[in-house]
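Colleague: The listed protein sequences correspond, in order, to chains C and B.
Just so we're aligned, residue 3 is where the first sequence starts under the working numbering, counting upward by one.
Just so we're aligned, residue 7 is where the second sequence starts under the working numbering, counting upward by one.
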Amino acid sequence: MPHIPLPEGVPGPRGPMLFRPEVMPPMSEMAEILMRGPSTLTLAERELIGTYVSAQNDCRYCQTIHGAVAAHYLGATQVQEKLVEQIKCDPFTAPISPKLKALLNIAGHVQQGGKQVTAEDVAEARLHGATDLEIHDTVLIAANFCMMNRYVDGLATWAPDDPDFYRSRAAALAEHGYAGSSARS
Amino acid sequence: MAHITLPDGLPGITGPFAFRPETAKPMRALAEFLLRGPNTLSRADREIIATYTSSQNDCHFCQTSHGAAAAHHLGGPSELAGNFALIAEIKRDFESAPISTKLKALLNIAGHVQQGGKRVTTGDIARAREEGATDTEIHDTVLIAAAFCMYNRYVDGLATWAPKEQEAYIPMGARMAHEGYVIAPAQSPALHPEAVTV
Chain C
3 MPHIPLPEGV
13 PGPRGPMLFR
23 PEVMPPMSEM
33 AEILMRGPST
43 LTLAERELIG
53 TYVSAQNDCR
63 YCQTIHGAVA
73 AHYLGATQVQ
83 EKLVEQIKCD
93 PFTAPISPKL
103 KALLNIAGHV
113 QQGGKQVTAE
123 DVAEARLHGA
133 TDLEIHDTVL
143 IAANFCMMNR
153 YVDGLATWAP
163 DDPDFYRSRA
173 AALAEHGYAG
183 SSARS
Chain B
7 MAHITLPDGL
17 PGITGPFAFR
27 PETAKPMRAL
37 AEFLLRGPNT
47 LSRADREIIA
57 TYTSSQNDCH
67 FCQTSHGAAA
77 AHHLGGPSEL
87 AGNFALIAEI
97 KRDFESAPIS
107 TKLKALLNIA
117 GHVQQGGKRV
127 TTGDIARARE
137 EGATDTEIHD
147 TVLIAAAFCM
157 YNRYVDGLAT
167 WAPKEQEAYI
177 PMGARMAHEG
187 YVIAPAQSPA
197 LHPEAVTV
C-alpha cells in the first residue's frame, strides 16, 4: 500500500504526479527530452541506460517498464527481452557495442554516487566515440532515474505483476511519449 | 577539471545548465516549485531538506549553496552567522539540533530516501504524521530528497567546478532564496541560456 493515498490503479510515478499535478509538467518534460528528444544516442540506448540504473536501484516498476520500452524499440521479440535481462544482470558480457558498455559503466557509477565517476570512465567512453553531449546525457539520464526510482519506491507506489501489462504500456509509451495528457510513465 | 568541456567560471550546476539549456529549463522549474512554490512547509524547511540530502550525498556545491539559501530564509544579515551554525548542526546531527520535531521527522524520511526509496518505512511515515505532517508535505519531502539525489549526481558526476570557501556562497544563497531558480541572477550569464554559446 502506498505511504500516502494515491489514485487507485495508477502504476509507478504517475500516481504521485496525479496527486501533485504541479510537478508533472517539469518531470514529464525532462523525461521527454532525455529519453525521446533529438540525440545521437538511439531511443533504445537511452532506455537501456534508464533500465540498468533502475535495476541497480532495485526499482521494480521502473526497470520493468523501461526494460519493456527498450525491448519494444529493439524489435519486441523474446530475443530482445532476453537481451534486456542480460544487460540488467551484466552489461559488460552482453552482445552490445563497446560504446554502450562504456556509457552503462558511467551510469552505474552515477547510481553509486556522482563522485564515483572517474576520468578513466569518461576516457573509455570517448575512446569508443562518445561525445561530450552523449556523456552529459548519460550522466543526467542516470541521475534522473536515481530521482524517479526514489520517488516511486519512497512513496511505495503500486506496480502491476503481469508482464503483459508492461508490454502494452511500453508500446503506448513508445508511441505517445512521456509528455502530454496521454503519457503514462 | 570537469569531465566534459563546460563554460568557464560557472559554479556547480550552472555549468551543465548552460551546456544543455533544454534540460535546464524543466530542472529549474522543478526546483522553483519544490523549494519556493506555494506550500505549507516553509521555504527554509524545504531548503534544509535539500541541504541535508546533499550533505548525505557529499555534494559540496549543493549542500553549501542550499545551506546558504536556508540561512537567508531564516533571517536577515545580522542573523546569518547563527543561521549558518544551525545549518551545520542539522547536517551533523539533526536529531539533536534545535528544530521542530516535525522537521526532524521529515529529515528522517529524506535521509532514508537518500539511501534508497525502499528504505522509507511505514514507521518513518507514521512518525511524520504524529508530528503533524500532511500527505502533501510527506510527498514533497520524498520528492525534494529524490530530486537532490538527481541534482547532486549531476553536479558531481560531471565533476563540475565549485568555489571551496563558504563566503562565495553567501550572495549566491541570497539570490537563490530571494530571486529563485527560474529568474536568472544578473551576475551569472549562464542562467540566460540565450546569452551562452553552447
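Yeah, the Cβ is synthetic: ideal placement off N, Cα and C, and Gly gets one too.
Assuming the contact rule is C-beta atoms closer than 8 Å, Gly113(C) and Val55(C) should be a hit. Round their C-beta distance to whole Å, please.
Modeller: Note that residue 113(C) is Gln in the sequence shown here, rather than Gly. So it is a contact: roughly 5 Å between Cβ atoms.
Colleague: Just to confirm, is the Cβ distance from Ala183(B) to Ala74(B) under 9 Å?
Modeller: yes
Colleague: Could you confirm whether any beta carbon from chain B is found closer than 9 Å to the beta carbon of Ile134(C)?
Modeller: Strictly speaking, residue 134(C) in this sequence is Asp, with Ile absent from that position. Yes, because at least one Cβ of chain B sits closer than 9 Å to the Cβ of Asp134(C).
Colleague: Against chain C, with Cβ distances strictly below 9 Å, would Glu53(B) count as a contact?
Modeller: no
Colleague: Under 8 Å Cβ-Cβ, which residues of chain C neighbour Arg133(B)?
Modeller: The contacting residues do not exist; Arg133(B) stays about 12 Å from chain C at best.
Colleague: Three Cβ pairs or more, each shorter than 8 Å: is that satisfied between the segment 101-109 of chain C and the segment 159-177 of chain C?
Modeller: no
Colleague: In angstroms with no decimal places, state the Cα-to-Cα distance between Ile6(C) and Ala181(C).
Modeller: 24 Å
Colleague: Hey, is Glu136(B)'s beta-carbon within less than 9 Å of any beta-carbon in chain C?
Modeller: It does not: the Cβ of Glu136(B) has no partner Cβ on chain C nearer than 9 Å.
Colleague: Taking the straight line between their C-alpha atoms, what separation do you get for Gly15(B) and Trp167(B)?
Modeller: 8 Å
Colleague: Along the chain, which unbroken stretches of the alpha helix (DSSP H) at least 4 residues long are found entirely within the segment 46-93 of chain B?
Modeller: For the segment 46-93 of chain B, whole alpha helix (DSSP H) runs of length 4 or above, ordered along the chain, are 49-62 and 66-79.
Colleague: Can a CB atom of chain B be found closer than 9 Å to the CB of Phe21(C)?
Modeller: Yes - at least one Cβ of chain B is within 9 Å of the one on Phe21(C).
Colleague: Apart from the five residues just before and just after Ala76(B), which ones in its own chain have a Cβ nearer than 7 Å to its Cβ?
Modeller: Ala50, Glu53, Ile54, Thr57 and Ile93
Colleague: Can you tell me the Cβ-Cβ gap for Ala145(C) and Tyr175(B), rounded? I've got them flagged as a contact below 8 Å.
Modeller: Contact doesn't hold; Cβ gap of about 22 Å is too wide.
Colleague: Output the distance between the C-alpha atoms of Pro82(C) and Val71(C), rounded to the nearest integer angstrom.
Modeller: Before going on, a small fix: residue 82(C) reads as Gln here, not Pro. If you take the alpha carbons of Gln82(C) and Val71(C), they lie about 11 Å apart.
Colleague: Closest by CA to Ala3(C), which one among Tyr168(C), Asp155(C), Arg171(C) and Thr42(C)?
Modeller: The sequence shown places Met at residue 3(C), not Ala. Checking every option, the nearest Cα to that of Met3(C) belongs to Asp155(C).
Colleague: Let me confirm a value: Ala196(B) is counted as buried when at least 16 other C-beta atoms fall within 10 Å, else exposed. Which label applies?
Modeller: Here Ala196(B) scores only 44 on pLDDT, less than 50, and its place in the model is too uncertain to base an answer on.
Colleague: In angstroms, rounded to a whole number, what distance separates the CA positions of Lys84(C) and Arg169(C)?
Modeller: 14 Å
Colleague: Name the residues in the segment 144-158 of chain C whose C-beta lies less than 9 Å from a C-beta of chain B; which are they?
Modeller: Ala144, Ala145, Asn146, Phe147, Cys148, Met149, Met150, Asn151, Arg152, Tyr153, Val154, Asp155, Gly156, Leu157 and Ala158
Colleague: Which of the three DSSP states is assigned to Ser56(C) in this structure?
Modeller: In the structure shown, Ser56(C) adopts helical secondary structure according to DSSP, grouped into three states.
Colleague: Looking at Cys148(C) and Ala30(B), is the spacing between their C-beta atoms short of 9 Å?
Modeller: no
Colleague: Can Pro32(B) and Pro28(C) be called in contact, C-beta distance under 9 Å?
Modeller: yes
Colleague: By DSSP, does Arg135(B) sit in helix, in strand, or in coil?
Modeller: helix
Colleague: At which residues does the alpha helix (DSSP H) containing Pro13(B) begin and terminate?
Modeller: Unbroken run through Pro13(B): none, as it is neither H nor E.
Colleague: Can you tell me where the alpha helix (DSSP H) with Met18(C) in it begins and where it stops?
Modeller: According to the sequence as given, residue 18(C) is Pro; it is not Met. Per DSSP, Pro18(C) belongs to the alpha helix (DSSP H) from Arg16 to Phe21.
Colleague: Based on Cα-Cα distance, which residue from Gly131(C), Cys91(C) and Gly17(C) lies nearest to Ser99(C)?
Modeller: Gly131(C)
Colleague: Starting from the beta carbon of Asp64(B), find every residue of chain C whose beta carbon is closer than 8 Å, and list them in chain order.
Modeller: Gly115 and Lys117
Colleague: With 16 as the cutoff for other CB atoms within 10 Å, does Leu20(C) come out buried or exposed?
Modeller: exposed
Colleague: In whole angstroms, what is the alpha-carbon distance linking Ala121(C) and Arg171(C)?
Modeller: 38 Å
Colleague: Could you check whether the Cβ of Arg98(B) sits closer than 9 Å to any Cβ belonging to chain C?
Modeller: no
Colleague: State the DSSP-derived secondary structure class of Asp92(C), mapped to helix, strand or coil.
Modeller: Asp92(C): coil per DSSP, three-state reduction.
Colleague: Output, in chain order, the set of chain B residues within a Cβ distance shorter than 7 Å of Met32(C).
Modeller: Thr29, Pro32 and Met33
Colleague: Met26(C) to Gly11(C), Cα distance in whole Å?
Modeller: 18 Å
Colleague: So which residues on chain C does Thr149(B) lean against when the C-beta distance must stay under 7 Å?
Modeller: Checking the displayed sequence, the identity of residue 149(B) turns out to be Leu instead of Thr. Val25 and Tyr153, listed in chain order.
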